[in-house]
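Numbering (the numbering used here), first residue to last: 42 to 959.
Shown next as structure tokens:
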């Protein structure tokens, strides 16, 4: 802390000195910008300007301007930059939230706000805090431009292997005084069949001397999201149905007579075939609300001194209810002995029937909110042949799930699960015995687990085991960083025309807290029919092939009514005390409390060179990283597991430190009047995810899986090489090609291995499949991208690009989020007041990680968006846009497409916007 205060005081002092010396200032040369810009304002003219800017660039960097965000049919910044070659997004919940660059995991790319860290938080309870940025937080209206660096420079913050995204907000002195603009939009989703109003306003003022200005903008966005889907939860081997389960070897469908004849023969001949542990329908609803406020103050008392202050405030709510209704055909105690028929194709259980087997309704009502504050003060002084700049700032985000109320209901019936049509028809669930009733259509057939035992639960717990009815959980997260930096630039004559030096200090802290309590049911269980049941909407599961009427007409309940029931303790017996969530009452909760603190010191030197033919920069960045990872460790292991009081646990902190020297080189050679050859080389690092660095650990006693972090992880290290050729064959056209290579060491992958741990549910040590991050060795990413851009006659034009990336670890494992192929095609038309654009993007399948021992992938994804606009005058315009016109399917699977894990659709979004400049 002493060092941190010294750096902060030094930076403030430097800013004060800059102001004191302003009177003696002389004009200085502004630092040249080296960008590969893609601008869509006055489409034809702006694209020609982007080509001119590209020709002058040194580093490899793409830019999307604020007008681009307005022109593209995008709901956030991530969606807007997908037109850039090599940039892809993951759309698990329908819109881009995490960005991948040149085939790298989103965690290997950094996102900055005005050149500095911006804290981030996620809302989904299953997410762990990491180094990815949640782009759903950023309103597109706040953006001046977005710069995507694909080759590093020593002056830019380290931490990226794929690339660095820098979001630049507007400056008040760049706008006319009295600028006031606003927009009102109506957003409609054809799956949720709901519409929401979006509002934005921006106002800017500056004095006549153009020395002082203030800009304020505010945005409100609402989005009623509904995600329909089919889900499964893990896989099991066929041997489990014939006594192979280590936890319940007595469950044998052959010896008990349920599986006989062809069923028994097929099962016995294929013990290693894999099948789904569970399968059913998914119904997810979420109301997304986001309010954003930006304030920018700029003071330029002389041409030599520029002082800026920026504040970004985001308040977002992501409350959601998830209702999963599924057959649990792999349940250890209720289904493994209930198999009556089975079909196995190519090592996969593609169809199976069961008698009196378990089905489950899981309902999670979650309250999730996120806030983010970022404060940044910077100043730059231009001297005679030199300049000095200073930055200080603080950014903090709070998020996670503030409260989850989870209820689980059970049913036993005959059913068949059929995946023979996958992937085209992901799966079908059919309840086969009319005597069981309309299982998927009657909520009263699903009841809480009332427990078991010889005792009388109405008078007390003696001799009686409570049923598991769900839980109450809280899992908030915090992410924050303080920083300070100083930068010195010196202009000189000769080949090396500019020298730059700097120092930066960063103090980062990420924290996760989790507490909870089990909902214990003692006899006489209530059923789901109590909670205002009703049928799902008529368009539920539209677009899914192979879905039967039972699935499409399933019931749903009132999640909020269930939450009130659990919160008010209406299930409690008179002798039961109300449950109180606690950190220490359950080891699963205790282990997910962790804290990671990171201190970073960085020094750099960079030389920019230019002789009229060869230009670029060369530099070296030195970085020292010190980290402390803290978490709870059990110090009192009892016969039934770890103790359940604070005294039974100790907070343990493990430290790690390392140094890195990171050289970089960017060269651009004008080999002909219309041809440029570019070369880039650099050594880069990316630090492990915070959650991966933590010593948190979790177990699932029911399905015998678990996972945790690894405080001993080393950072990723990579040697990056790039080469490109650009041919400007006409003033408004380009044909370019680039090859790149990334040699990555210390690559971090999830590894799953058997481990022995105490099972609280079984009161015995059992074998779990545990997934942990490990430095798996080395990895390579190599590929090429090709881009074509041209405007034609009569207002037409085209942007198109293709990227190929081949990547794998040295053990042959696929790399997370790497699509081997990516295509973007965007034709446009602009004539007079009318403009229109269509954007098509496609990415091939990609690996996402390891879950419960399975290799997880997402199938190829196709996106199609369109927008059209008409300017009635210089002040009033109307635009209409459509996102996800194909209602594209997000298809995640385990090991093979024949084993879908989650198949989802989120609907088309249609938006009309009226924009006014006052």
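We put the CB at the ideal spot given by N, CA and C, even for glycine.
Check	Outcome
Straight-line gap, residue 456 to residue 411 (C-alpha atoms, nearest Å)	42 Å
C-alpha gap between residue 393 and residue 459, whole angstroms	7 Å
Delimiting residues of the alpha helix (DSSP H) encompassing residue 555	Here residue 555 belongs to no alpha helix (DSSP H), and DSSP marks it neither H nor E.
Three-state secondary structure assigned by DSSP to residue 93	helix
Helix, strand or coil at residue 675 [DSSP, three-state]	strand
Per DSSP, cross-strand counterpart(s) of residue 625	BP columns for residue 625 are empty, so no partner.
In DSSP terms, what residue 546 is bridged to	525, 642
Beta-bridge partners of residue 317, as assigned by DSSP	276
C-alpha gap between residue 952 and residue 234, whole angstroms	13 Å
Nearest candidate by alpha-carbon position, reference residue 614, set 752, 556, 507, 805	507
Continuous alpha helix (DSSP H) stretch holding residue 593: start and end	590–593
Segment contact flag, the stretch 369–383 with the stretch 286–298, C-beta cutoff 8 Å, min 3 pairs	yes
Strand pairing of residue 339, partner residues [DSSP]	254, 349
Whole-number beta carbon distance between residue 793 and residue 771, since they are thought to touch under 8 Å	Wrong, their Cβ atoms sit about 55 Å apart, outside the cutoff.
Among 195, 879, 183, 338, nearest to residue 331 - alpha-carbon criterion	183
Cβ-based burial, residue 322 [other Cβ within 10 Å; buried from 16]	buried
Backbone CA spacing between residue 620 and residue 328 [nearest angstrom]	29 Å
Residue of 689, 552, 437 minimising C-alpha distance to residue 634	552
Simplified DSSP state of residue 121, which is helix, strand or coil	helix
Cβ-Cβ distance between residue 450 and residue 569 below 8 Å	yes
Distance, residue 275 Cα to residue 942 Cα	8 Å
With 16 other Cβ atoms within 10 Å as the buried cut-off, status of residue 333	buried
Contact set for residue 173: own chain, Cβ-Cβ below 6 Å, skip 5 residues either direction	139, 147, 148
Under the three-state DSSP convention, the category residue 306 falls into	helix
Proximity below 8 Å, CB of residue 204 to CB of residue 150	yes
Same chain only: Cβ atoms within 8 Å of residue 496, ignoring 5 sequence neighbours per side	502, 503, 504, 505
Endpoints, the alpha helix (DSSP H) within which residue 603 is located	600–608
Rounded straight-line distance, which links the Cα of residue 516 to that of residue 638	19 Å
Inter-residue spacing [alpha-carbon to alpha-carbon] between residue 208 and residue 178	13 Å
Whole-angstrom C-beta distance between residue 777 and residue 766, which should lie under 8 Å	7 Å
Distance, residue 572 Cα to residue 918 Cα	47 Å
Touch test, the stretch 520–532 against the stretch 624–632, Cβ-Cβ under 8 Å, three pairs minimum	no
Terminal residues of the alpha helix (DSSP H) in which residue 733 lies	731–734
The beta strand (DSSP E) enclosing residue 779, as first and last residue numbers	774–800
Helix, strand or coil at residue 577 according to DSSP, with G and I counted as helix	coil
N-terminal and C-terminal residue of the beta strand (DSSP E) that residue 374 is part of	Taken as a continuous stretch (DSSP letters only), residue 374 belongs to no beta strand (DSSP E), as it is neither H nor E.
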